[in-house]
Amino acid sequence: MKILVAGAAGFLGSHLVESLVSTGHEVIGIDNLYTGYLSNLQRVQTKPNFRFQNHDVINPLEINVDRIFNLACPASPVHYQKHPVQTIKASIMGSINLLELANKNHARILQASTSEIYGDPNISPQPESYWGNVNPIGIRACYDEGKRASETLFFDYYRQYGVDIKVARIFNTYGPRMDLQDGRVVSNFVLQALRNDPITIYGDGSQTRSFCHVNDLIDGLIKLMESEDGFHGPVNLGNPVEFTMLELASIVKELTGSNSEIEFHPLPGDDPKQRKPDISLAQERLKWNPQIQLREGLKTIISDFKSRI
Ligand code: NAD
Ligand code: UDP
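Start counting the sequence shown at 174; every next residue gets the next number (the numbering used here).
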């Protein structure tokens, strides 16, 4: 198949591209290189079934494809909050442009949505039926509301034009090739621990997240894309084992043998207190279950970061 990956040079995008290229598909990667790097595509750049195009999804594009994965959006709070207008434009205008392309090509299109749809959730774990608790004017809204509007657009293109859509709600995912300066918690803690720098905990560290290894996530995205007709999601993809940030810091310290001190910093605005996916829908409809638990998965990012710093 001819597959378009938007956001191809990013963390998840580059792993997805590698997986699709290795199974023999013709893959076109597009990216505006805002938080992505061409070096992330090093392993595929010489493959005859891959090509890259520098393109910003806020602009329309013309290309013939069978499948579209839309991952084009900065994902780290540090980066999306630096350029909030660009972030919401990437989500909304990017979704419209790629949905138009899918409609013209009769292509299937998958949206990389997010657990941020649930905001600061009042229930835990979060099932897909939960509508969320999002501040529409806060500092995270450019991302959260952009992704929520994208889901609306996906379902409206499905209802109005019959576009073949799939929507994945991705929970915090980590792994090798995360940008060292990404600013998200796993990459920050691993980098700080390896350098014996203070580990920066925002707030009191009692907030929770559930961390999914990139290999499990990519497997889930591909399973969703190829799931039977008539299943559109949204479907949660994440590892349901929940950790506090204090627990994460202590595991990272232990695995790296680090002398880092713990340093407490103010909690950023609207930071969700808890996040844990209910993955029963993915288990039932996709036969998907994350295989890599946190300690094992952290070893892969630790050894990757060791080789890069
Ligand atoms: P990332 O920042 O590494 O990748 C995003 C990629 O999109 C980058 O290469 C960036 O340059 C590109 N991009 C941004 N704006 C663009 C635009 N306007 N046009 C073209 N390209 C653009 O982040 P990631 O972790 O790989 O996330 C990929 C996708 O998955 C994002 O859509 C994100 O919202 C979603 N997601 C990720 C996580 C996670 O934990 N990693 C969780 C939930 C959702
Ligand atoms: N966090 C932290 N220290 C850091 C970076 C993040 O304590 O150096 C916290 C952050 O406040 C949040 C959690 O870790 O509660 C996850 O943050 P991240 O930016 O990875 O993603 P989020 O799930 O908030 O989008």
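Every residue, glycine too, gets a C-beta built ideally from N, C-alpha and C.
Spatial neighbours of residue i within its chain, please: CB distance less than 7 Å, with the 5 preceding and 5 following residues excluded, ordered by chain position.
i: Glu235; result: none
i: Ser433; result: Gln365, Ala366, Asn369, Asp370, Pro371, Ile372 and Lys426
i: Gly311; result: Gly442 and Asp443
i: Asn462; result: Gln456
i: Asn295; result: Asn306
i: His405; result: Tyr331, Ile338, Lys339 and Val340
i: Val217; result: Val190, Glu191, Val194 and Phe223
Between residue i and the ligand NAD, is there a pair consisting of the residue's CB and a ligand heavy atom that are separated by less than 7 Å?
i: Cys246; result: yes
i: Thr473; result: no
i: Leu234; result: no
i: Val230; result: yes
i: Pro343; result: Note on residue identity: the sequence assigns Ile, not Pro, to residue 343. Indeed, a heavy atom of the ligand NAD lies less than 7 Å from the Cβ.
i: Thr373; result: no
i: Ser485; result: Because residue 485 is not part of the residues shown, which for the chain are 174 to 482, the question remains open.
i: Gly267; result: yes
i: Leu353; result: no
i: Ala182; result: yes
i: Tyr334; result: no
i: Glu205; result: Going by the sequence as given, residue 205 is Asn instead of Glu. True, at least one ligand heavy atom lies under 7 Å from that Cβ.
i: Gly305; result: no
i: Gly292; result: no
i: Thr325; result: no
i: Ser288; result: yes
i: Gly403; result: no
Output needed for residue i: all residues of its chain with C-beta closer than 8 Å, excluding positions within five of it in sequence on either side, in chain order.
i: Cys246; result: Gly180, Tyr253, Thr260, Ala263, Ser264, Gly267, Ala285, Tyr316, Gly319 and Lys320
i: Val363; result: Val425, Thr429, Leu471, Ile474, Ile475 and Phe478
i: Leu326; result: Ile265, Ser268, Ile269 and Leu272
i: Asn227; result: Ile203, Asp204, Asn205 and Leu206
i: Ile374; result: Met418, Leu419, Ala422, Ile435, Glu436, Phe437 and His438
i: Leu139; result: The displayed coordinates of the chain run from 174 to 482. Any statement about residue 139 would go beyond what the structure contains.
i: Leu283; result: Arg240, Ile241, Phe242, Asn243, Ile338, Lys339, Val340, Ala341, Leu394, Leu397 and Met398
i: Pro309; result: Glu318
Do residue i and residue j have their C-beta atoms closer together than 8 Å?
i: Pro371; j: Gln380; result: no
i: Pro407; j: Val336; result: no
i: Ile452; j: Met351; result: no
i: Ser288; j: Gly411; result: yes
i: Asp239; j: Asn205; result: no
i: Lys396; j: Leu428; result: no
i: Ile231; j: Ala275; result: no
i: Leu244; j: Val200; result: no
i: Pro413; j: Pro450; result: yes
i: Asp389; j: Gln464; result: yes
i: Ser187; j: Asn213; result: yes
i: Arg417; j: Gly378; result: Inspection of the sequence shows that residue 417 is occupied by Thr rather than by Arg. In this structure, Gly378 lies closer than 8 Å to Thr417 by Cβ.
i: Arg281; j: Met398; result: yes
i: Leu211; j: Ile391; result: no
i: Leu467; j: Phe384; result: yes
i: Ala248; j: Gly209; result: no
i: Thr346; j: Leu454; result: no
i: Arg313; j: Pro250; result: yes
Could you tell me which residues DSSP pairs with residue i in its beta bridges?
i: Arg342; result: Ser286 and Asn409
i: Cys385; result: Thr346
i: Glu415; result: Ser383
i: Val178; result: Gly202 and Phe242
i: Gln226; result: Ile203
i: Gly292; result: Asn306
i: Thr260; result: DSSP output for Thr260 lists no bridge partner at all.
i: Thr373; result: Glu436
i: Pro450; result: Gln299
i: Asp337; result: Arg281
When you measure from the CB of residue i to every non-hydrogen atom of the ligand UDP, does any distance come out below 7 Å?
i: Asp444; result: yes
i: Val340; result: no
i: Gly376; result: yes
i: Ser264; result: no
i: Arg357; result: yes
i: Ser249; result: yes
i: Pro298; result: no
i: Pro463; result: no
i: Leu440; result: yes
i: Gln380; result: yes
i: Met398; result: no
i: Asn361; result: yes
For residue i, collect the residues of the same chain with a Cβ closer than 6 Å to its Cβ; drop the 5 residues on either side in sequence, then sort them by chain order.
i: Pro257; result: Cys315
i: Pro445; result: Asp293
i: His386; result: Gly348, Ile465 and Gly470
i: Leu419; result: Gly378
i: Ser297; result: Gln447 and Lys449
Taking 8 Å as the threshold (beta carbon to beta carbon), is residue i in contact with chain C?
i: Ile391; result: The question asks about chain C, but that chain is absent: this structure has only one protein chain.
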